[in-house]
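*Asks:*
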Amino acid sequence: MTPSDAPDSRWSDLDRPPLNAAALRHALVRPGALWTSLEVVQETGSTNSDLAARAASLPEGAVLVAEEQTAGRGRLDRSWTAPSRSGLFFSVLLKPGPGVPMERWGWLPLLTGVAAATGLSRAGGVDTALKWPNDLLVTVDGEERKAGGILAERAGEDAVVVGIGLNVSLRADELPVPAAGSLALAGAVSTDRDTLLRAVLRSLEQWYVDWREAGGDPAASRLQETYTAGCATLGRSVRAELPGDRSLTGEAVAVDGDGRLVLATEEGVREPVAAGDIVHLRPAAS
Ligand code: BTN
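Here the working numbering is used: the first residue of the sequence shown is 49, the next is one more, and so on.
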């Protein structure tokens, strides 16, 4: 018996149909395209871990999608959990090459956030905002909620695995934490996962290729300005919880050329934050 046939399941296979791997491949994997392979597995621990383990033997552009993950991982050692087929859980293998200096690779997770937001707005008809560095926020009942997250990890010398988790059809009683949301709860016009995945991967391909052609320059590729325009953290009062149990409070005033969030503190100092967790201290001004 599959989980969705279980007597206590409130979702049938029709509510959460499987992804169509062949159609996705047909649409995305073409000569000259970034995406070189696309595999959909029913279940795995973590698509990021799987792709990282195969990074050396796969060409750039491999895409691995799971209908369910049993050990999904998030930033800052958190986990990522979601019921089978309730969302999109996938990873892509990127090898920017010598044309992009390594210090610019830190833009990849931010670039992925911009691409996902663009793809979701086109295909899902839902507005998403980015919480620095790369959480995808939607609005549910007037509140900002996290519907997606991005985890970028180095895989050897030349590769980065970027994983995306998106809550698509998750209902209120299935949310992992009260601050979470989903595209369905945010009133998306489409929650068809094939359509959404296609749109996000197409947008990611476009942003990545342009950024790579610009040598990873966030200004020349217009990544920095687009990220800034879509970032809900900017202009807000925030607390940055930093490595080593330190924290810093201030107004988020910019995202600099290295992708760092710049805070203006009460002491009048501008402090760039490269890593850590950001807490939005007040709701966004309406
Ligand atoms: C975060 O919000 O902290 C990032 C969450 C990233 C989750 C995705 S799901 C697909 C890929 N595989 C993983 O184990 N994690 C990422």
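Using N, Cα and C, we set each Cβ at its ideal position, and we do this for glycine too.
Nearest by alpha-carbon distance to A114: which of R133, M150 and P266 is it?
*Replies:* With distances taken between Cα atoms, A114 lies closest to R133.
*Asks:* Could you check if P157 is buried or exposed, using at least 16 other CB atoms within 10 Å of its CB as the buried criterion?
*Replies:* Under this definition P157 is a buried residue.
*Asks:* Would you mind stating whether L199 and R123 have Cβ atoms separated by less than 9 Å?
*Replies:* A contact, by the Cβ cut-off of 9 Å.
*Asks:* Pull up the distance between the alpha-carbon of A262 and that of A268, whole angstroms please.
*Replies:* Roughly 6 Å separates the two Cα atoms.
*Asks:* State the DSSP-derived secondary structure class of L141, mapped to helix, strand or coil.
*Replies:* Strand.
*Asks:* Given a threshold of 16 other Cβ atoms within 10 Å of its Cβ, counted over all protein chains shown, does V225 qualify as buried or as exposed?
*Replies:* Looking at its Cβ environment, which holds fewer than 16 other Cβ atoms inside 10 Å, V225 is exposed.
*Asks:* Determine the DSSP secondary structure at L329, reduced to helix, strand or coil.
*Replies:* The answer is coil: DSSP assigns L329 none of H, G, I, E or B.
*Asks:* Just to check, is the beta-carbon of A203 closer than 8 Å to a non-hydrogen atom of the ligand BTN?
*Replies:* Incorrect: A203 has no Cβ contact closer than 8 Å to the ligand BTN.
*Asks:* Which same chain residues, not among the five before or five after G278, have their C-beta less than 7 Å away from its C-beta?
*Replies:* Excluding positions up to five away in sequence, the list reads V162, A165, A177 and L178.
*Asks:* Hey, how far is the Cα of T95 from the Cα of G109?
*Replies:* In a straight line, the C-alpha of T95 is about 14 Å away from that of G109.
*Asks:* May I have the straight-line CA-CA distance separating V317 from S285, to the nearest angstrom?
*Replies:* Each residue's alpha carbon lies about 14 Å from the other.
*Asks:* Compute the distance between the beta-carbons of S184 and L159, then report whether it is under 9 Å.
*Replies:* Per the sequence shown, residue 184 should be read as Leu rather than Ser. It is not a contact, given that the beta carbons lie outside the stated cut-off.
*Asks:* Compare the beta carbon distance of E319 and G292 with 9 Å and say whether it is the shorter of the two.
*Replies:* Against a cut-off of 9 Å, the Cβ pair of G292 and E319 comes out as no contact.
*Asks:* So does the stretch 140-157 actually touch the stretch 225-245, counting three or more Cβ pairs closer than 8 Å?
*Replies:* The stretch 140-157 is not in contact with the stretch 225-245.
*Asks:* Would you tell me roughly how many angstroms separate the C-alpha atoms of V209 and A101, rounded to the nearest one?
*Replies:* Going from the Cα of V209 to the Cα of A101 covers about 10 Å.
*Asks:* Report the CB separation of E201 from L82 in whole angstroms; it is logged as a contact under 8 Å.
*Replies:* At roughly 19 Å, the Cβ-Cβ gap does not stay under 8 Å, so E201 and L82 are not in contact.
*Asks:* With distances taken Cα to Cα, identify the nearest neighbour of W259 among V327, Q117 and Y275.
*Replies:* Minimum Cα distance to W259 is reached at Y275.
*Asks:* Taking the Cβ atom as the reference point for each residue, do L245 and L136 lie within a distance shorter than 9 Å?
*Replies:* Yes, the pair counts as a contact, with Cβ atoms nearer than the cut-off.
*Asks:* Since A207 sits in a beta bridge, which residues does DSSP pair it with?
*Replies:* A203.
*Asks:* If you compare alpha carbons, which of L329, T243 and L290 is closest to A322?
*Replies:* Of the listed residues, the one whose Cα sits closest to A322 is L290.
*Asks:* Give, in chain order, every unbroken run of the alpha helix (DSSP H) that is at least 4 residues long and sits entirely within the stretch 124-185.
*Replies:* Counting whole runs of 4 or more residues, the stretch 124-185 contains the alpha helix (DSSP H) stretches 156-172.
*Asks:* Identify, in the order they occur along the chain, each residue of the same chain with its Cβ nearer than 7 Å to the Cβ of A75, setting aside the five sequence neighbours on each side.
*Replies:* Cβ neighbours of A75 beyond the five flanking positions: R246.
*Asks:* By the three-class DSSP mapping on this structure, what secondary structure does Q90 have?
*Replies:* In the structure shown, Q90 sits in coil (DSSP, three-state: anything other than H, G, I, E or B).
*Asks:* Sorted by chain position, which residues of the same chain lie with C-beta nearer than 7 Å to V257's C-beta, five sequence neighbours on each side aside?
*Replies:* Correct list, in chain order: L82.
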